[in-house]
Amino acid sequence: PFAYAGDVAAVKSVDIVPYREAVNGFRDSVKARVYEYVVMGEKGMDNSVVLRLKEQKTDLIFALGTDALTMARDEFKNMPVVFAFVLNPDAVIGKDIDAALQGNIKGIDMIVPPLEQFNSLLEIAPKTKRIGVIYDPSKTQDVINDAAIAAKSLGLTLVPRKIKSREEAIDAVSDMEGKVDALWMAPDTTAITRESIEYMLLFSFRNSIPVIGISDKYVKDGALLALSFDSEDMGRQAGEMAMKILEGEDTTHIHLLKPRKLKLSINLNTAEKLGLNISERVISKADKKYR
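Going left to right, the sequence shown walks through residues 1232 to 1522 as the working numbering numbers them.
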């Protein structure tokens, strides 16, 4: 039997399927004893988790989700932490994310490069020229800047609409009528709510324009496509990073890694409603197809 590199606490913000898949991937690639915890209970934060972690010998924390990372940051100042599934890590770690990530906290980014998403859209809807997006500048200005550059490099124009609160989302989308021929869901917690998603999908069908969803879940609900990361592989990637830390390798050059394995989901029913003929080549590339 191999020697264990240490004891790792996999701390999930909540107990959901993508987190479980990631923990499975993590277990695959880390030669350590992995203990699982869930931070948020029905009544809010479960403080007993912190006590149990402090009592037990723990060499590293694998934090899944914002609540788990926040707890690790506040309660375990010097412990190595590897995180995943955190939409706005700089909101948790502080604006100087590079300095923080050179220290004890490292992670896998949740943001799928906009260039890859727009490329996938063009393969399915090649006539697209203007992509609309709503966003909160205090949350995702950097992502929008990257997206504008990515769009331009593909001969597209990004049409961004700034919002400051969730209440402004629906008006911002309806204001784009006639000005865009696709909508993109940016990974922005102000812009993406149940109400705004429902409205985007309604807007999409009323105006016959496609929506790029954030994940497979939205494609199931009617978005044309989504390019999202593979949860299990993201866990595997986090495990490889954790092993380097546990084995004492120099990891100061590792900050935030991009998810390396992406999955394409397409809604063929939506494509038909939008009058799009998707080639067999593109359909065969899709990991998930909804009819």
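All residues carry an ideal CB built from backbone N, CA and C; glycine is no exception.
| Query | Result |
| --- | --- |
| Three-state class that DSSP yields for Ala1322 in the structure shown | helix |
| contact_flag[the region 1443-1459, the region 1388-1408] where n(CB pairs < 8 Å) is 3 or more | no |
| Own chain, CB closer than 7 Å to Tyr1430, minus 5 neighbours either side, in chain order | Ile1401 and Val1404 |
| Cβ neighbour criterion (16 or more within 10 Å) applied to Ser1459 | buried |
| Distance between Tyr1268 and Ile1324 (C-alpha atoms, nearest Å) | 21 Å |
| CB of Val1513 within 9 Å of CB of Ile1292, strictly | no |
| Coarse secondary structure for Lys1504, derived from DSSP in three states | helix |
| Nearest-angstrom beta carbon gap, Leu1455 and Thr1388 [assumed within contact, 8 Å] | With 8 Å as the limit, Thr1388 and Leu1455 do not qualify as a contact, their Cβ atoms being about 19 Å apart. |
| Collapsed DSSP secondary structure at Tyr1235 in the structure displayed | coil |
| Whole-Å CB distance - Asn1255 paired with Glu1471, under 8 Å assumed | No, Asn1255 and Glu1471 are not in contact; Cβ-Cβ is about 14 Å, not under 8 Å. |
| Segment contact flag, the region 1476-1486 with the region 1406-1413, C-beta cutoff 8 Å, min 3 pairs | no |
| Per-residue burial, Leu1524 [other beta carbons within 10 Å of its own, 16 or more giving buried] | This structure does not reach residue 1524, given that the chain is present from 1232 up to 1522, and the question cannot be answered. |
| Length of the line joining the Cα atoms of Gly1363 and Ile1445 | 14 Å |
| Beta carbon of Ala1381 nearer than 9 Å to that of Pro1391 | no |
| Per-residue DSSP class, three states only, for Leu1385 | coil |
| Own chain partners of Ser1530 with C-beta closer than 6 Å, once the 5 adjacent residues on each side are dropped | Residue 1530 cannot be examined here, being either before or after the span of the chain that is shown, 1232 to 1522. |
| Assigned secondary structure, Phe1257 (DSSP; H/G/I helix, E/B strand, else coil) | helix |
| Residue interval of the alpha helix (DSSP H) (run including Val1280) | Asn1278 to Glu1286 |
| Buried or exposed (CB count within 10 angstroms, at least 16 for buried), Val1245 | exposed |
| Supposed contact pair Pro1418 and Leu1318 - C-beta distance, whole angstroms, cut 8 Å | 6 Å |
| Helix, strand or coil at Met1472 according to DSSP, with G and I counted as helix | helix |
| Cβ separation of Arg1264 and Val1242, assumed to be a contact under 8 Å, to the nearest whole Å | About 15 Å; that fails the 8 Å criterion. |
| Beta-bridge pairing of Gly1272 - partner residues as DSSP gives them | Gly1275 |
| Buried versus exposed, by CB contacts within 10 Å (16 or more), Tyr1366 | buried |
| Rounded distance between the beta-carbons of Gly1338 and Phe1314, thought under 8 Å | 4 Å |
| According to DSSP, residues forming a beta bridge with Gly1363 | Val1390 and Leu1414 |
| Straight-line Cα distance separating Lys1370 from Pro1232 | Because the pLDDT at Pro1232 is just 47, under 50, the model does not fix this residue reliably, and the value given afterwards should be weighed accordingly. Roughly 47 Å between the two C-alpha positions. |
| Which residues DSSP lists as bridging Ala1457, in chain order | Gly1444 and Ser1496 |
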